[in-house]
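First the structure, in the form of structure tokens, and then the observations on it.
Residue numbers (mature numbering (1 follows the signal peptide of the UniProt record, and there is no 0)): -21 to -1, 1 to 377.
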């Protein structure tokens, strides 16, 4: 018997033990990377935009502009956490996600195909949505809070979210071959087109309404903060602390530098002098442009993209003034023109398919986003203009 027990033990050890299911856990480094990128985005979305808008409008409108921007960012955060993220990214029909799909328990689980938890993904996308809604209010100077609040809520659900799903969540534009690395079409192009549409819809400005910015230094400081914070947009869209993330951040910075210089040169050629505020707008135009291709291009491609965005953005800024619409922060010239330029330039700086095929695909995406954003924003703005009074004539309060 003494010999039998050891023999049986050896025989038992010879058989493989049943495999234990391994619990997938989030990568702490990648999660920390996402939290840092999200913090940078919120830094750009709230203090950065607040200072930029405060410096772009007359001094008497500065506090109202900051209030509208902060309230819009707060509304976007709450609405995106409650419904926007699920409508954009949850499984469901091609056009929208299923609100019943994601439960609170799913927030701690890993995002499918990633090494970060679902809640980190939601937090990052929330920061992007907050910046988009904050940007939208840049063209609402002199208007009261209620119409702006209603428009921001409806715009987030009916314009921004469908564009995100169509492009970034594998929707119909993505299936048509449209490529967008970090939300150039949704964050920049859709926002810029919507801002111009809303500005034109509410009426042209009288020449006497034109006033110089109250605090250009504040505006330039805000541009610098948005520049810094926007590095988190490109880095965060890699969803991990990888070499690709570092390359995307570097490309973003180089594009902003090239765009700032391109805007300044174009401004000098057209007006005889370059301004610090113009260079700030140029840098932001470069950030908008490179967001389409930061992770898909190399350094020369990033510099070329930024340079084109700066030159075209400055020209668009001068042209947009002919409309005499209220856009003191150049939302259209910087973000719409920058985003469209970057999306089209991606066809030249990305070598995944023939240039003509890529260019057609990107042009389809740009055109679709422009038409959708302009049409829906016009429909949303029209009834809001009937709210009396929609506009604050004094400009002292939101």
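Where is the CB? At the ideal position from N, CA and C, for every residue including glycine. Since this is a predicted model, take the numbers as computed values, not measurements.
Sequence-distant residues of its chain with Cβ nearer than 8 Å to residue i (five each side left out)
i, result
"residue 363", "126, 129, 130, 369"
"residue 5", "89, 94, 95, 96, 99"
"residue 196", "34"
"residue 299", "175, 306, 309, 311, 312"
"residue 255", "195, 199"
"residue 216", "160, 161, 162, 227, 273, 274"
Residue i vs residue j beta-carbon contact at 8 Å
i, j, result
"residue 198", "residue 31", "yes"
"residue 320", "residue 287", "yes"
"residue 223", "residue 274", "yes"
"residue 76", "residue 93", "no"
"residue 27", "residue 201", "yes"
"residue 119", "residue 13", "no"
"residue 292", "residue 264", "yes"
"residue 161", "residue 213", "yes"
"residue 124", "residue 47", "yes"
"residue 111", "residue 163", "no"
"residue 208", "residue 20", "yes"
"residue 51", "residue 115", "yes"
"residue 343", "residue 155", "yes"
"residue 9", "residue 311", "no"
"residue 290", "residue 137", "no"
"residue 233", "residue 281", "yes"
"residue 304", "residue 179", "yes"
"residue 276", "residue 329", "yes"
Among the options, the one whose alpha carbon lies nearest that of residue i
i, options, result
"residue 135", "146, 54, 175", "54"
"residue 210", "68, 226, 196", "226"
"residue 283", "309, 240, 304", "240"
"residue 267", "309, 255, 217, 245", "309"
"residue 167", "154, 339, 143", "143"
"residue 42", "16, 117, 88, 270", "117"
"residue 157", "272, 175, 96", "272"
"residue 109", "37, 153, 69, 56", "56"
"residue 16", "314, 106, 7", "106"
"residue 238", "301, 314, 298, 300", "314"
"residue 361", "113, 133, 337", "133"
"residue 7", "69, 113, 221, 152", "221"
"residue 279", "324, 18, 215, 74", "324"
"residue 151", "338, 297, 301, 74", "74"
7 Å Cβ shell around residue i - same chain, five flanking residues per side excluded
i, result
"residue 49", "25, 29"
"residue 358", "none"
"residue 67", "76, 140, 143, 144, 148"
"residue 243", "253, 257, 258, 261"
"residue 235", "206, 262, 265, 266, 285"
"residue 169", "138, 139, 142, 348, 352"
"residue 247", "253"
"residue 334", "326, 327"
Sequence-distant residues of the same chain with beta carbon closer than 6 Å to residue i, five excluded per side
i, result
"residue 100", "90"
"residue 345", "319, 322"
"residue 194", "34"
"residue 22", "208"
"residue 295", "312, 316"
"residue 229", "none"
"residue 353", "172, 176"
"residue 245", "290, 293"
"residue 159", "146, 271"
"residue 231", "210, 213, 269, 273"
"residue 338", "326"
"residue 2", "Residue confidence is low: residue 2 scores 45 on pLDDT, short of 50, so the model does not pin down where it sits. No coordinate-derived value is stated."
Host alpha helix (DSSP H) of residue i (start-end)
i, result
"residue 309", "Taken as a continuous stretch (DSSP letters only), residue 309 belongs to no alpha helix (DSSP H), as it is neither H nor E."
"residue 232", "222 to 250"
"residue 256", "255 to 269"
"residue 129", "124 to 134"
"residue 294", "278 to 299"
"residue 365", "No alpha helix (DSSP H) holds residue 365; DSSP gives it neither H nor E."
"residue 4", "No alpha helix (DSSP H) contains residue 4, which DSSP labels as neither H nor E."
"residue 378", "No information on residue 378 is available, as it lies outside the stretch -21 to 377 that the chain covers here."
"residue 35", "28 to 35"
Hey, which unbroken runs of the alpha helix (DSSP H) at 4 residues or more fall wholly within the region 145 to 206?
151 to 154, 170 to 180
Length-filtered (4 minimum) alpha helix (DSSP H) runs lying within the region 38 to 117:
41 to 58, 64 to 68, 97 to 115
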